[in-house]
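In this note's numbering, the protein residues as written are 553 to 1206.
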């Protein structure tokens, strides 16, 4: 039991404290500025670790409350139904158009109700408009729901504060008594969230507040207070989560910015990568458009029909395109920075790389609006800020996220001291409106309220393709069935009901960004990839790949002998003391310190699991860089912390 407890604590420690993940007070969001008056980095430690903390409901928890409230038929008479985004009817006489199916006839009284179901009008109001009874409207809505043309349930719009979104919906209920009754259980949960937030880092008070909230939630909704862990479960399994702002702030000066210069050719090549992917997908989109246009004999193609017809390319051909473009990208980089067999370190100069990149990756038009963004994560390897000021440091490129402003995620915006500043900067990036596809509220891969882009302005358009997850009362929210695709100068564009036009690739924006976001990899996977530096910037950490069976020490029964054999194994292969490991059988990367027996045991178990599941599969071991002695960020007590600098670059000419 003590060994199991030790491993459990070690797992949690490496999960929350070693990696630069933004997880509550384990990974608070710190803010800094570029300041030309500073040489290297200057830190204002502030007071304590965190300056503020906010507690948020997970979207699923408030959805569970909404489902409970939906059981009240009297309340539902005040909840507006909404036409599904891809359903349309041109007149009350029909027919009703459903993508991929023949037009369907329905009684005019049903079609008339369908066309009025906009998510804003309640059944009471619909009965008044149609000159019929509430019971009749309810009966017709039930039939429309059965035909899968209308959604009629208490739906919570997506947002960082789902409890507030639900409150806004309930406060539109016209019956005062029903409104008070529906708000009461919500207020119980809101008070519970406030108690959790007030508990802060007082462990005893926090446990009591969480237990009380969970008890109230289960009593009210008859739903478990924590979702089961599994491959189909989206992030945020608990009722609530917290995000915090670090007390320390930083100013970054010219010494660091100058060392970041090699990012420029990397971003030039990344822009080429996105442009090639976007161009390929657009060519496939043109084929879909031409096929639908030829079948209908019309130049205008309904966007809903176009979207459904594009599904095979978005989840098939586009995935192939991404891999083929990446392969060509890596072939070109192999000519710019060759990796000699057996080399542990490879160095190149910025000037040499820049000239070759300019030739290998010529400029190309931005393929979709989000592709103007590149978000590099940069780490500083230095013992302290004084060393940075002396120039005694290196930079490490953690990741270069493509087609994404990572600062737009709710978890960052909510912790900014002035979120309006981020919206103002967004306005500088995009002087005109954007077209943004509406996304599901959450997804098992990575989508949750914490990472949703919230830098959306009133002038931006939303287009609902499959689900209307925004508030229907929001202006400039368009259903896909109400928009069309046409050709302008040979390229497909989306025309919205008000006449606004956008490239059709913006409709695919989220799919394209999902394909591209983590696509930036300079070198293909190999059993050994050396550390690659361009001037002072490490653009690729050293890594190794092994099958589970190659970690021979993993099968050793004696813990002491296993530890000794692991250290010998590490030395024979030239691995550093600190590494991160990615294995197909593990849910996320994990940290290993080869001098710590508990982490050797964790690695051994992972190797055994991999060997049992797939003897041919390989795990990847990557050097930890910066390593623990290079933690330069401090608090007011001198404690050191791992950190990374998150930047956002914008193509000003796209």
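Even glycine gets a Cβ: it sits at the ideal position worked out from N, Cα and C.
A quick note: this is a predicted structure, and the numbers were derived from the prediction, not measured.
Excluding residues up to 5 positions away in sequence, 925, 1200 lie with their Cβ nearer than 6 Å to the Cβ of residue 957 in the same chain. Residues 766, 789, 790, 791 of the same chain have their beta carbon placed closer than 8 Å to that of residue 778, with the five preceding and five following residues left out of the count. As for any alpha helix (DSSP H) of minimum length 4 sitting wholly inside the region 660-715, the runs are 660-668, 675-682, 686-698, ordered along the chain. If you check the CB distance, residue 937 and residue 590 do not come in under 8 Å. Within the same chain, Cβ atoms closer than 7 Å to the Cβ of residue 1088 are found at 811, 946, 947, the five residues on either side in sequence being excluded.
Note: residue 1085 is bridge-paired with 899, 1090 in the DSSP secondary-structure output. Nearest in C-alpha terms to residue 866, of all of 899, 832, 848, is 832. Taking 8 Å as the cut-off, the Cβ atoms of residue 599 and residue 794 do not count as close. DSSP, read as helix, strand or coil, puts residue 1075 in coil.
Straight-line spacing of the CA atoms in residue 662 and residue 692 works out to 6 Å. Your pair residue 1146 and residue 1119 checks out as a contact, with CB atoms roughly 6 Å apart and the cut at 8 Å. Here residue 727 carries a coil assignment [DSSP, helix/strand/coil]. In summary, residue 993 is buried, with 16 or more beta-carbon neighbours lying within 10 Å of its beta-carbon over all protein chains present.
The three-state reading of DSSP puts residue 1199 in coil, since its state is none of H, G, I, E or B. Distances from the alpha-carbon of residue 1059 to those of 1004, 774, 950, 830 put 830 closest.
For residue 833, there is no enclosing beta strand (DSSP E); the enclosing alpha helix (DSSP H) covers residues 815-848. Cα atoms of residue 705 and residue 1097: separation of roughly 50 Å, rounded to the nearest angstrom. Between the C-alpha atoms of residue 1132 and residue 772 there is a straight-line separation of about 43 Å. Our two residues, residue 1004 and residue 1114, have alpha carbons roughly 44 Å apart in a direct line. Per the Cβ contact rule, the region 579-588 is in contact with the region 803-818 (3 or more Cβ pairs under 8 Å). A distance below 6 Å between beta-carbons, with the five flanking residues on each side excluded, links residue 906 to the following residues of its chain, in chain order: 817. Residue 643 carries a coil assignment under DSSP once its states are collapsed to helix, strand and coil. Measuring C-alpha to C-alpha distances from residue 758 to each of 744, 769, 768, 735 identifies 744 as the nearest.
Along the length of the region 924-967, whole alpha helix (DSSP H) runs at least 4 residues long occupy 937-942, 962-965, reported in chain order. Burial state of residue 854 is buried, judged by a 10 Å Cβ sphere holding 16 or more other Cβ atoms. Distance from the CA atom of residue 726 to the CA atom of residue 1177, rounded to whole angstroms, is 59 Å. With contacts defined as CB atoms closer than 8 Å, residue 1069 and residue 953 qualify as a contacting pair.
Within the region 1094-1134, the runs of alpha helix (DSSP H) that reach at least 4 residues and sit entirely inside it are, in chain order, 1111-1125. The beta carbon of residue 1190 lies closer than 8 Å to none in the same chain, with the five residues before and after it left out. In the structure shown, residue 631 adopts coil according to DSSP, grouped into three states. When the beta-carbon positions are compared, residue 722 and residue 741 stay at least 8 Å from each other. Residue range 611-621 is occupied by the alpha helix (DSSP H) that includes residue 611. Contact between the region 1028-1041 and the region 681-688 is absent, with fewer than three C-beta pairs closer than 8 Å.
The region 1142-1156 makes contact with the region 555-568, as at least three CB pairs between them are under 8 Å.
In the same chain as residue 708, and ignoring 5 residues on each side of it, the C-beta atoms closer than 6 Å to its own belong to 614, 615, 618, 714, 717, 718, in chain order. Across the set 1040, 756, 977, 633, the C-alpha of 633 shows the shortest separation from the C-alpha of residue 697.
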